[in-house]
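Asker:
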Amino acid sequence: MAAINHISTKHFLLLVLILFICKSSSGVNMSEDVMPLPVPVQVPLGRSEYAMLAGRRRLSPFQTCSTCKCCRVPSDPTTCSDMPCCYKINCNIPNKPFGTCAFVPTSCNCNNCASS
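Per mature numbering (1 follows the signal peptide of the UniProt record, and there is no 0), the sequence shown runs over residues -27 to -1, 1 to 89.
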């Protein structure tokens, strides 16, 4: 019976503590102490327009042909021959700064390039 009274006493004290905390927090008016934050005013910067640029022309991907040395085995120069090679401009080169472009060979003995 003493254990039940001990638990009841703990519950009663916990209930009194919760009521005290709730009563003390509801008695304080926090709105008087808090200053309102200024609200930023949203001002339009100007008229937004989305227009098609009719004066621009659509270009196909740039490609040019030149001769290059194509090797079956890169370490053996006897397997190399000069062939027409297609180059394209590549601006997404790894380990280079953004915007760096270079002519990159894409394939040897291209058939769709104009012969030079």
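Beta carbons: idealized from backbone N, C-alpha and C, even for Gly.
Counting pairs of beta carbons, one from the region 46 to 63 and one from the region 72 to 79, are three or more of them closer than 8 Å?
Answerer: Segments in contact, yes.
Asker: Below 8 Å on the Cβ atoms is my guess for cysteine 53 versus cysteine 59; work out the distance and round it to an integer in Å.
Answerer: Counting from one through the sequence shown, the residue named residue 53 turns up at place 80. Counting from one through the sequence shown, the residue named residue 59 turns up at place 86. In fact, because the Cβ distance is near 17 Å, the residues do not count as touching under 8 Å.
Asker: So, helix, strand or coil for threonine 40, using DSSP?
Answerer: In the sequence shown, counting from the first residue as 1, residue 40 sits at position 67. Looking at threonine 40 - three-state DSSP - the assignment turns out to be strand.
Asker: Under the criterion of a Cβ to heavy atom distance below 7 Å, does proline 57 qualify as lining the ligand ATP?
Answerer: In the structure shown, the ligand ATP is absent, as is every other ligand, since no ligand is present at all.
Asker: On the three-state DSSP scale, how would you describe alanine 87?
Answerer: The sequence position of residue 87 within the sequence shown is 114, counting from 1. With a pLDDT of only 42 at alanine 87, under the threshold of 50, the placement of this residue in the model should not be trusted; the figure read from the coordinates follows. It is coil, neither helix nor strand.
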